[in-house]
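Chains A and B, in that order, are what the protein sequence lines are.
First residue of the first sequence: 1, per our numbering; consecutive thereafter.
First residue of the second sequence: 260, per our numbering; consecutive thereafter.
Protein chains: 2
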Amino acid sequence: MRKWEDPSRHQKLIAGAALNTPLYKEVKRLLTETISGGEWKPGSAIPAEWKLAERFDVAVGTVRKAVDELVGENILIRQQGRGTFVAAHNRARLMFHFFHIVRNDGSKLTPEVVMLSFGNGVADAEEAAHLGIKAGAKVFHIRNVLRLADEPIIFDTIVIPQALFPKLTASKVVNRPNTIYHLYQTAFGITVVRSAERLRARLADAESADILGIKVKSPLLEIRRVALTFNDAPVEFRRSLINTEHYEYFSDLAKTGGG
Amino acid sequence: MRKWEDPSRHQKLIAGAALNTPLYKEVKRLLTETISGGEWKPGSAIPAEWKLAERFDVAVGTVRKAVDELVGENILIRQQGRGTFVAAHNRARLMFHFFHIVRNDGSKLTPEVVMLSFGNGVADAEEAAHLGIKAGAKVFHIRNVLRLADEPIIFDTIVIPQALFPKLTASKVVNRPNTIYHLYQTAFGITVVRSAERLRARLADAESADILGIKVKSPLLEIRRVALTFNDAPVEFRRSLINTEHYEYFSDLAKTGGG
DNA sequence: AAGTGGTCTAGACCACCAT
DNA sequence: TGGTGGTCTAGACCACTTA
Chain A
1 MRKWEDPSRH
11 QKLIAGAALN
21 TPLYKEVKRL
31 LTETISGGEW
41 KPGSAIPAEW
51 KLAERFDVAV
61 GTVRKAVDEL
71 VGENILIRQQ
81 GRGTFVAAHN
91 RARLMFHFFH
101 IVRNDGSKLT
111 PEVVMLSFGN
121 GVADAEEAAH
131 LGIKAGAKVF
141 HIRNVLRLAD
151 EPIIFDTIVI
161 PQALFPKLTA
171 SKVVNRPNTI
181 YHLYQTAFGI
191 TVVRSAERLR
201 ARLADAESAD
211 ILGIKVKSPL
221 LEIRRVALTF
231 NDAPVEFRRS
241 LINTEHYEYF
251 SDLAKTGGG
Chain B
260 MRKWEDPSRH
270 QKLIAGAALN
280 TPLYKEVKRL
290 LTETISGGEW
300 KPGSAIPAEW
310 KLAERFDVAV
320 GTVRKAVDEL
330 VGENILIRQQ
340 GRGTFVAAHN
350 RARLMFHFFH
360 IVRNDGSKLT
370 PEVVMLSFGN
380 GVADAEEAAH
390 LGIKAGAKVF
400 HIRNVLRLAD
410 EPIIFDTIVI
420 PQALFPKLTA
430 SKVVNRPNTI
440 YHLYQTAFGI
450 TVVRSAERLR
460 ARLADAESAD
470 ILGIKVKSPL
480 LEIRRVALTF
490 NDAPVEFRRS
500 LINTEHYEYF
510 SDLAKTGGG
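If you want it as structure tokens, here you go:
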């Protein structure tokens with residue numbers, strides 16, 4: 001009997017998943033687990049598709065469909081002729097997927113990050129809700145100012161649970177050789193895969209006006225971002241205040257799906 | 260000779276397309292042309308996949324890959340057991356893909372649209388640039404206030420080229436039975452398929468403060484949206500001013516690709 | 001030349017919908 | 001019961017990278 005003639009192997013592979021789960025969804029889940037479990041490191045290649053097909057005892061086409069979705073979610077990266085790689089955080093990736101500020105003329109600049117403070121603290125109600133932890137749980141608060149073209153444009157407050165980032169110190173943050181998401185990934189094994197953002201307009205208070213070098217009551221764009229890892233588990237809550245006099249936030253939706 | 264043994268038929272189908280264009284991209288282009296050309300109307304089913312495969316002389320899998328991308332771009336809608344349909348504009352579609360305002364608690368309300376004015380005019384430099392027309396070209400200006408929970412929250416100014424919407428009148432806009440994008444689609448054959456948005460914070464001037472029932476110099480979120488049809492051709496430029504005291508703009512990126 | 005992903009084909013069977 | 005999309009398989013060949 002050839003394998004596609006055996007109706008039970010599908011259920012065997014699934015082993016506890018919901019009934020009627022497509023095989024490729026199950027393969028996708030196994031791939032995701034293998035990545036988040038650390039068997040394949042960020043930046044390295046995963047096995048060739050035919051090897052994965054053999055390992056999971058499915059057809060190559062089924063593996064391809066699973067990989068297709070993970071590529072669409074920016075978790076894997078395909079390179080024709082080279083292989084398929086686990087996405088690693090670097091400046092280019094951060095700028096492309098997580099930095100949505102452009103100058104009025106549409107050009108995109110890389111910000112210079114200056115840390116203002118690093119502190120131990122506890123989560124307030126809002127922070128706790130966004131991070132899926134209890135109010136009062138220990139967190140780190142990191143405040144940065146982001147400079148574009150030598151002007152302070154963005155005032156960031158980052159909140160992360162101490163439980164996820166044990167023994168993080170200010171010096172580790174300041175002396176990181178790469179982006180902070182790269183630090184999360186390499187030092188704590190936490191990969192940020194997507195984010196959800198909420199935006200509103202507000203007036204600058206005394207502190208943010210001082211930091212951004214503008215007048216009190218100037219208009220500011222406020223972004224609240226929750227950064228998520230696999231299975232939509234929250235990792236970081238970030239509040240950004242942006243002086244949009246010469247910069248804008250852009251949201252190009254769709255365009256993800258096709259070519 | 261079986262058809263997959265004939266290496267020339269691929270180039271035959273492409274007929275002038277760039278070299279090495281994948282077949283499914285060509286099929287996608289033909290599907291898009293057939294839709295925008297009006298052979299298949301919004302809301303109606305397109306032929307079954309095996310019929311399309313026969314019509315284009317390709318395998319069903321190739322048709323599926325082309326349709327996959329158009330589904331990802333919200334141009335086609337698949338319904339298992341029923342068929343594949345050309346996406347039609349309606350309230351649900353508008354709310355899901357083009358209305359990104361939620362209440363602070365995350366709930367989404369349907370706005371009540373009240374038209375303030377409808378006028379002939381000419382495009383200024385900014386409007387012309389966004390619409391891909393010449394400054395001074397004739398446009399319609401439509402101003403609306405959008406009410407949520409009986410409060411005026413959004414002040415919209417819509418700019419559309421008269422060349423694309425000949426003989427549009429205020430009464431057609433006011434008496435439309437459905438959304439304005441549905442009107443574009445049914446009365447002018449123009450289907451909005453996606454949009455690109457830029458956001459910033461600004462202070463309310465006298466007019467917007469009056470319309471939104473807030474104080475002058477209150478903070479407002481400004482959205483500039485360009486709505487696009489097939490091949491990214493611009494259709495509408497819209498400037499929205501939003502009172503974000505109790506409402507927010509949300510941007511959930513990714514999540515498009517996978518499930 | 002060897003290895004990888006990208007495309008294309010062909011056909012089986014399943015799940016769902018309308019009738 | 002017939003028709004549709006959804007899944008899965010199997011295998012061919014192409015395009016690209018690396019050595």
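We put the beta carbon where it would ideally sit given N, CA and C, even for glycine.
Quantities reported herein were computed from a predicted structural model and do not represent experimental measurements.
query: Extent of the continuous beta strand (DSSP E) to which SER195 (chain A) belongs; result: 194-203
query: Interface positions of the region 496-511 of chain B facing chain A (Cβ-Cβ less than 9 Å), listed along the chain; result: ILE501, ASN502, THR503, GLU504, TYR506, GLU507, TYR508, PHE509, SER510, ASP511
query: ALA92 (chain A) burial status per 10 Å Cβ neighbour count (16 or more: buried); result: exposed
query: Closer than 8 Å to chain A by CB, SER295 (chain B); result: no
query: Where the alpha helix (DSSP H) containing SER171 (chain A) begins and where it ends; result: 170-174
query: ALA408 (chain B) versus PRO370 (chain B): straight-line alpha-carbon distance, rounded; result: 8 Å
query: Outcome for LEU146 (chain A) when other beta-carbon atoms lying within 10 angstroms are tallied against a minimum of 16; result: buried
query: CA-to-CA distance, ASN434 (chain B) to VAL192 (chain A), given in whole angstroms; result: 48 Å
query: Range of the contiguous beta strand (DSSP E) that encloses LYS65 (chain A); result: Looking at the DSSP string, LYS65 (chain A) is not in any beta strand (DSSP E); the run it does join, the alpha helix (DSSP H), is 60-72.
query: For ARG352 (chain B), the three-state DSSP class (helix, strand or coil); result: helix
query: Neighbour-count burial assignment, GLN185 (chain A), 16 or more Cβ in a 10 Å radius; result: buried
query: Inter-residue spacing [alpha-carbon to alpha-carbon] between ILE223 (chain A) and ASP464 (chain B); result: 23 Å
query: LYS134 (chain A) burial status per 10 Å Cβ neighbour count (16 or more: buried); result: exposed
query: Contact with chain A by VAL442 (chain B), beta-carbon distance below 8 Å; result: It is worth fixing the name first, because residue 442 (chain B) is Leu in this sequence and not Val. Taking Cβ atoms only, chain A never reaches closer than 8 Å to LEU442 (chain B), which makes this a no.
query: Test: LEU353 (chain B) CB closer than 8 Å to a CB of chain A; result: no
query: Whole-angstrom C-beta distance between LEU183 (chain A) and LYS172 (chain A), which should lie under 8 Å; result: 7 Å
query: Where GLU207 (chain A) sits in the DSSP three-state scheme; result: helix
query: N- and C-terminal bounds of the beta strand (DSSP E) containing ALA486 (chain B); result: 478-487
query: Whole-angstrom C-beta distance between GLY136 (chain A) and VAL122 (chain A), which should lie under 8 Å; result: 5 Å
query: Interface flag, LEU260 (chain A) vs chain B, CB-CB below 8 Å; result: Residue 260 (chain A) cannot be examined here, being either before or after the span of chain A that is shown, 1 to 259.
query: Contacts of LEU220 (chain A) in chain B (Cβ-Cβ under 8 Å); result: ALA460, PRO478
query: Cβ-based neighbour list, ASP337 (chain B), same chain, cut-off 6 Å, excluding 5 preceding and 5 following; result: Before going on, a small fix: residue 337 (chain B) reads as Arg here, not Asp. Excluding sequence neighbours, ARG337 (chain B) sits near VAL330, THR343.
query: Chain-ordered neighbours of ALA455 (chain B) on chain A, where CB pairs are closer than 7 Å; result: ASP252
query: Backbone CA spacing between PHE96 (chain A) and LYS108 (chain A) [nearest angstrom]; result: 10 Å
query: Cβ pair ALA234 (chain A), LEU462 (chain B) closer than 8 Å; result: The sequence given here places Pro at residue 234 (chain A); Ala does not occur at that position. The answer is no: Cβ separation not under 8 Å.
query: CB of PHE155 (chain A) within 8 Å of CB of PHE140 (chain A), strictly; result: no
query: Per-residue burial, ASP383 (chain B) [other beta carbons within 10 Å of its own, 16 or more giving buried]; result: exposed
query: Beta-bridge pairing of ALA304 (chain B) - partner residues as DSSP gives them; result: B:PHE344
query: Beta-carbon proximity of VAL86 (chain A) to SER44 (chain A), cut-off 8 Å; result: yes
query: Straight-line gap, LYS138 (chain A) to HIS100 (chain A) (C-alpha atoms, nearest Å); result: 29 Å
query: Distance CB(ASN403 (chain B))-CB(VAL372 (chain B)) smaller than 8 Å; result: yes
query: Element boundaries [alpha helix (DSSP H), containing LEU423 (chain B)]; result: Counting along the chain, LEU423 (chain B) falls outside any alpha helix (DSSP H), and DSSP gives it neither H nor E.
query: Where the beta strand (DSSP E) containing GLU371 (chain B) begins and where it ends; result: 371-381
query: Test item: CB-CB of VAL286 (chain B) and ALA318 (chain B) under 8 Å; result: no
query: Terminal residues of the alpha helix (DSSP H) in which PHE109 (chain A) lies; result: Checking the displayed sequence, the identity of residue 109 (chain A) turns out to be Leu instead of Phe. First-last for LEU109 (chain A): undefined, no H or E at that position.
query: Separation of ARG29 (chain A) from ASN20 (chain A), as counted between CA atoms; result: 15 Å
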